[in-house]
Amino acid sequence: MDLPLDLINLLRTSHRVAALTGAGVSQESGLRTFRDSRDGLWKQYQPEELASPAAFARDPKLIWDWYAWRREAIKAVRPNAGHYALVEAARHISDFTLVTQNVDGLHCMAGSSKVIELHGNLQRVRCSQCGEFAEDWNDDGVNVPRCALCGGLLRPHVVWFGESLPRAELELAIEASRHCELFFSIGTSGVVQPAATLAYAAHNRGAAVVEINTERTPLTPKADYFFQGKSGEILPELVQAVWPK
Ligand code: BV8
Ligand code: ZN
Numbered sequence: 091m092d093l094p095l096d097l098i099n100l101l102r103t104s105h106r107v108a109a110l111t112g113a114g115v116s117q118e119s120g121l122r123t124f125r126d127s128r129d130g131l132w133k134q135y136q137p138e139e140l141a142s143p144a145a146f147a148r149d150p151k152l153i154w155d156w157y158a159w160r161r162e163a164i165k166a167v168r169p170n171a172g173h174y175a176l177v178e179a180a181r182h183i184s185d186f187t188l189v190t191q192n193v194d195g196l197h198c199m200a201g202s203s204k205v206i207e208l209h210g211n212l213q214r215v216r217c218s219q220c221g222e223f224a225e226d227w228n229d230d231g232v233n234v235p236r237c238a239l240c241g242g243l244l245r246p247h248v249v250w251f252g253e254s255l256p257r258a259e260l261e262l263a264i265e266a267s268r269h270c271e272l273f274f275s276i277g278t279s280g281v282v283q284p285a286a287t288l289a290y291a292a293h294n295r296g297a298a299v300v301e302i303n304t305e306r307t308p309l310t311p312k313a314d315y316f317f318q319g320k321s322g323e324i325l326p327e328l329v330q331a332v333w334p335k
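Each residue of the sequence shown is one higher than the one before, starting from 91 at the first, in this note's numbering.
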């Protein structure tokens, strides 16, 4: 992959870099994405059908089982070379902020330290009534497990459509986007708001925007650099070219 020299120099001299990742970075770990044209997980359902408070109120068991299935699926997968390349890049950049829309926890598993999980984390479960986190629960396969404290139904600790993003995480992500010199948008279709606004916040403040995606997205025309391909292949090559071992 021939990397433009100005991008190599920019990466070597930047102190503040932000990266936003989406389901595409986990695709090579074997997790299906939500919208990609081939077998996107969303293909079988409308997002609102499953990832929304109304869906949970209507059929808590269906929603609980869908997330339980996804938690199981994640147990079988590992971070890929793209996740590890981001860990390596962060070692060379004094202020590197990793923001993810993913709820699979793979960035933390790969060793990324400062990860802002904008949409929560699938592995964490909380009470839908009192908000208490549950460390363990008994899933008898018949009823949705209930909170030990108040008896409320347990739910995944993820942000559903129509729900607000966690304020602290969103503010940190906006701050990082506004003050970075370089912004990576990796493996995201840029459809879901407000995460999709971060790249524009960076661009509008004069940051260089680098997009890595197997397809063009609405952001592509605005990006300073667009690498079409798999993040698990492009990121390691980029890191090796900028910080050769
Ligand atoms: C909010 C957690 C304010 C759950 C997720 C109409 C009705 C209801 C809401 C709305 C509406 N219109 C607009 C909205 C707002 C809504 C929204 O944006 N909807 C979209 C669909 C238009 N947003 C919200 O509701 C947000 N909250 O606005 O609150 C509010 C508050 C109160 C009342 C009203 C409003 C909450 C959004 C968070 C939703 N939760 N996840 C779960 O996971 O089950 S979003 C979900 O989509 C995942 O987190 C996922 O990460 C995210 C975004 O998708 P991507 O990550 O981009 O994944 P995608 O498949 O789309 O793209 C993958 C990309 O990778 C593709 O481009 C593909 O080409 C590329 N790729 C594939 N393989 C590779 C690759 N690239 C590189 N390498 C590869 N190997
Ligand atoms: Zn409770």
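Using N, Cα and C, we set each Cβ at its ideal position, and we do this for glycine too. Remember, it's a predicted structure, so these values are computed and weren't measured experimentally.
Between which residues of its own chain and residue 171 is the CB-CB distance below 6 Å, once the five residues before and five after are set aside? 322, 326
If you drop the 5 nearest sequence neighbours on each side, which residues of the same chain put their C-beta closer than 6 Å to that of residue 275? 110, 289, 301, 309
The ligand ZN and residue 198: does the residue's C-beta get closer than 8 Å to at least one heavy atom of that ligand? False, no ligand heavy atom lies under 8 Å from that Cβ.
Beta-carbon proximity of residue 178 to residue 193, cut-off 9 Å: no
Would you call the stretch 140 to 152 and the stretch 244 to 262 touching, i.e. three or more CB-CB distances under 8 Å? A contact is defined here as three or more CB-CB pairs under 8 Å, and the stretch 140 to 152 meets this definition with respect to the stretch 244 to 262.
Can you name, in chain order, every residue of its own chain whose Cβ lies under 6 Å from the Cβ of residue 195, other than the five neighbours on each side? 211, 213
Since residue 187 and residue 204 are thought to touch, with beta carbons under 8 Å apart, how far apart are those beta carbons, to the nearest angstrom? 6 Å
Among 173, 181, 120, 320, the one whose alpha carbon lies nearest that of residue 107: Per the C-alpha coordinates, the member of 173, 181, 120, 320 positioned closest to residue 107 is 181.
Does residue 279 pass the burial test, meaning 16 or more other C-beta atoms within 10 Å, or should it be called exposed? buried
Does the distance from the C-beta atom of residue 114 to that of residue 287 stay below 9 Å? no
In its own chain, which residues sit with a C-beta less than 8 Å from the C-beta of residue 139, not counting the 5 before and 5 after it? If we look at residue 139 and ignore the five residues flanking it on each side, its Cβ neighbours are 145.
Pull every residue with its beta-carbon under 6 Å away from any heavy atom of the ligand ZN, and keep them in chain order. 217, 219, 220, 222, 237, 239, 240, 242
Spatial neighbours of residue 183 within its chain, please: C-beta separation below 6 Å, excluding the five flanking residues on both sides. 107
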